[in-house]
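A short write-up of the structure that comes next.
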Amino acid sequence: MFGFLFFIIFINKNNNRPLIYIMQNEAFFEKQSVLTYQKTKIYEEYIIEYLPRLLMTYGSCLIADLFCGPGKNGDHNGSPLILLNRLNYILKNPKFNSKENLKVHVLFNDEDLGNIENLKKEISAFSFNRDIIKIHIRNQKYEDLLPDLVRRPEKSSIPKFFFLDPFTYSNVKMVDLQNLMLLSHSEVLLFLPVFFTYRFTSAKFKKEHKTRIFIEEFTQKGMADYNDIHEFMTDIKSRLLTEIKINRMNPVPYVRYVLLDGGGSKNSLFLITGHPSGMLCMNKVAFKNTDDGKCFKVKESSQTSLFSNHENTRFHSLFRKKLIKYLESEEVVTNSAAIDFTIREGFRPMHLKEVIKELYVLKKVRIFVENNKTVSDSRKWGISESPKKETIIKWTQDEKNKN
Ligand SMILES: C[S@@+](CC[C@H](N)C(=O)[O-])C[C@H]1O[C@@H](n2cnc3c(N)ncnc32)[C@H](O)[C@@H]1O
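Mind the numbering: the sequence shown is residues 1 to 403 in the UniProt record's numbering, read in order.
What follows is the structure, given as structure tokens:
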């Protein structure tokens with residue numbers, strides 16, 4: 001009898017979901033938590049930065065929000081309405097008036113029928129340009145929809161942006177990311193609720209435990225002690241870089257994380273992209289919202305910053321060290337290669353310039369243009385977001401210090 005009652009309490013008749021899951025799900029959409037606020041802010045700002053560039057270059061794209069939710073989190077817009085709002089705003093820009101064949105395909109999917117019905121209601125009340133924005137709505141399990149999306153990738157060459165925002169870390173597999181990234185011009189913004197897994201990285205889980213499966217699939221070190229959450233995230237980044245190939249010509253994608261820090265709990269967003277300009281946009285968004293380019297903390301109004309100096313400088317000094325090692329070992333690099341290195345490290349060309357200026361004063365580097373002419377004016381070094389000319393950065397440690 002007790003067992004039967006237990007079953008009634010924890011299993012929902014309609015979709016066989018544990019009631020506890022449904023309660024969590026409903027609570028999620030009733031009001032917005034700090035972590036959800038941070039996540040949707042990064043998503044929104046990335047769209048604002050990147051979408052206009054993408055549309056100006058390609059004229060069309062697909063944005064697929066595969067765990068889209070009902071459209072609203074309490075009074076706040078969820079990812080679908082954030083996207084439509086921002087698209088409306090972006091498309092108002094007169095520079096798009098003369099753009100031919102402008103099309104934005106938007107795919108919203110959620111396995112929960114209630115969420116999809118609510119989303120449809122929200123969308124029908126929303127005014128937007130239906131000639132340009134084509135909305136496709138699906139009510140499927142992501143696992144069932146994915147094979148359709150990755151089938152015959154050669155069919156569509158338009159840029160694709162996949163937003164994967166599941167409740168749990170076990171929904172999205174490494175192989176899904178590999179398949180999505182093999183599509184042409186593809187990128188993924190993945191929300192990973194990593195904090196729970198991070199706390200159990202050295203636990204003695206059985207082989208089939210889903211936390212262990214996730215850790216072994218998504219990290220290089222596997223079940224081990226990590227010094228801190230950043231070491232864990234960096235390890236996930238290395239694994240993504242090892243596992244995911246874009247194409248034969250340019251196999252290594254750009255990958256970065258932003259840690260979302262809600263105090264007691266922490267989560268993360270990972271961007272995986274083949275576009276340096278996409279990565280640069282996310283680097284900008286990250287530096288706009290964080291002091292260190294990595295960790296988004298909510299600041300109290302009375303405080304200027306919650307970051308310790310140590311934390312603020314840790315990533316900059318790590319970048320500086322890596323950059324110097326790179327310049328020293330390569331000896332001669334072009335400005336474009338150094339900029340690419342910087343973007344891959346999650347930084348901006350302005351950060352590269354700061355280090356190069358410092359090295360220049362110390363006479364560790366010299367900058368050349370064609371005909372071996374040196375350039376002393378830093379404004380002519382071609383170190384910017386869209387450099388107009390090629391320059392050469394040469395490591396010139398003086399002979400005395402060489403050994
Ligand atoms: C974190 S919420 C998404 C929130 C949304 N991005 C927003 O900003 O409002 C995750 C959503 O994924 C849906 N979901 C969970 N598992 C799923 C699956 N296997 N396939 C498709 N949707 C799923 C849930 O119903 C829920 O609406």
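Glycine included, C-beta positions come from ideal geometry on N, C-alpha and C.
Please read these numbers as outputs of a predicted model, since none were measured by experiment.
Is the Cβ-Cβ distance between glycine 346 and arginine 239 less than 9 Å? No, the Cβ-Cβ distance between glycine 346 and arginine 239 is not below 9 Å.
Given a threshold of 16 other Cβ atoms within 10 Å of its Cβ, counted over all protein chains shown, does leucine 352 qualify as buried or as exposed? It is buried - the Cβ of leucine 352 has at least 16 other Cβ atoms within 10 Å.
Looking at glutamine 38 and ligand 1, is the gap between the Cβ and the nearest heavy atom below 8 Å? At a threshold of 8 Å, glutamine 38 does not count as near ligand 1, since its beta carbon sits no closer than that to any of the ligand's heavy atoms.
Enclosing beta strand (DSSP E) for residue 410 [first to last residue]: One cannot answer for residue 410 here, as it falls past the ends of the chain, which runs 1 to 403.
Per the DSSP calculation, isoleucine 343 is bridged to which residue(s)? Per DSSP, none; premise fails for isoleucine 343.
Under 9 Å between C-beta atoms of leucine 177 and isoleucine 244: Going by beta carbons, leucine 177 and isoleucine 244 fall inside the 9 Å limit.
Taking the CB atoms as reference points, tell me whether alanine 286 and glycine 293 lie closer together than 9 Å. Alanine 286 places its beta carbon less than 9 Å from that of glycine 293.
Could you give the DSSP three-state label for cysteine 68: helix, strand or coil? Cysteine 68: coil per DSSP, three-state reduction.
Just to confirm the assignment, what range does the beta strand (DSSP E) spanning serine 268 have? Taken as a continuous stretch (DSSP letters only), the beta strand (DSSP E) holding serine 268 covers 266-273.
Output needed for leucine 241: all residues of its chain with C-beta closer than 8 Å, excluding positions within five of it in sequence on either side, in chain order. Val252, Pro253 and Val255.
What residue range does the beta strand (DSSP E) around phenylalanine 163 cover? If you look at phenylalanine 163, you'll find it in the beta strand (DSSP E) that goes 160-164.
Counting contacts by CB-CB distance shorter than 9 Å, is lysine 321 in contact with chain C? The structure shown contains no chain C; it is built from a single protein chain.
Cβ of residue 411 versus every heavy atom of ligand 1: is any distance shorter than 8 Å? Because the chain in this structure spans residues 1 to 403, residue 411 falls outside the shown range and cannot be described.
Give the single residue among Asn372, Gly69 and Thr334 whose Cα lies nearest to the Cα of serine 384. Among Asn372, Gly69 and Thr334, the Cα nearest to that of serine 384 is on Thr334.
Pick from Ile393, Asn372, Leu182 and Thr342: whose alpha carbon is nearest that of lysine 363? Looking at the Cα atoms, Ile393 is the closest of the given residues.
So, helix, strand or coil for glutamate 111, using DSSP? Three-state DSSP puts glutamate 111 in coil, outside helix and strand.
CB-CB under 8 Å to lysine 288, same chain, minus the five flanking residues each way: which ones, in chain order? The beta carbon of lysine 288 is closer than 8 Å to those of Glu45 in its chain, skipping five residues each way along the sequence.
If contacts are defined as beta-carbon pairs under 8 Å, then lysine 160 and leucine 62 qualify, I think. What distance do you get, rounded to the angstrom? The beta-carbon separation of lysine 160 and leucine 62, rounded to 5 Å, stays under the 8 Å limit for a contact.
Under the criterion of a Cβ to heavy atom distance below 8 Å, does glycine 78 qualify as lining ligand 1? The beta carbon of glycine 78 sits closer than 8 Å to at least one heavy atom of ligand 1.
Alpha helix (DSSP H) segment containing glutamate 217, residue limits: Run containing glutamate 217: 210-218, per the alpha helix (DSSP H) assignment.
Cβ neighbours of valine 375 in the same chain (closer than 8 Å, five flanking residues each side left out): Around valine 375: Ile367, Phe368, Val369, Trp381 and Thr391.
Would alanine 203 be called buried (16 or more neighbouring beta carbons within 10 Å of its own) or exposed? Exposed.
For leucine 327 and phenylalanine 315, I'd like the C-alpha separation in whole angstroms. C-alpha separation (whole angstroms): 18 Å.
Use the C-beta contact count for asparagine 250: other C-beta atoms within 10 angstroms, 16 or more gives buried, fewer gives exposed. With fewer than 16 neighbouring CB atoms inside 10 Å of its own CB, asparagine 250 falls in the exposed class.
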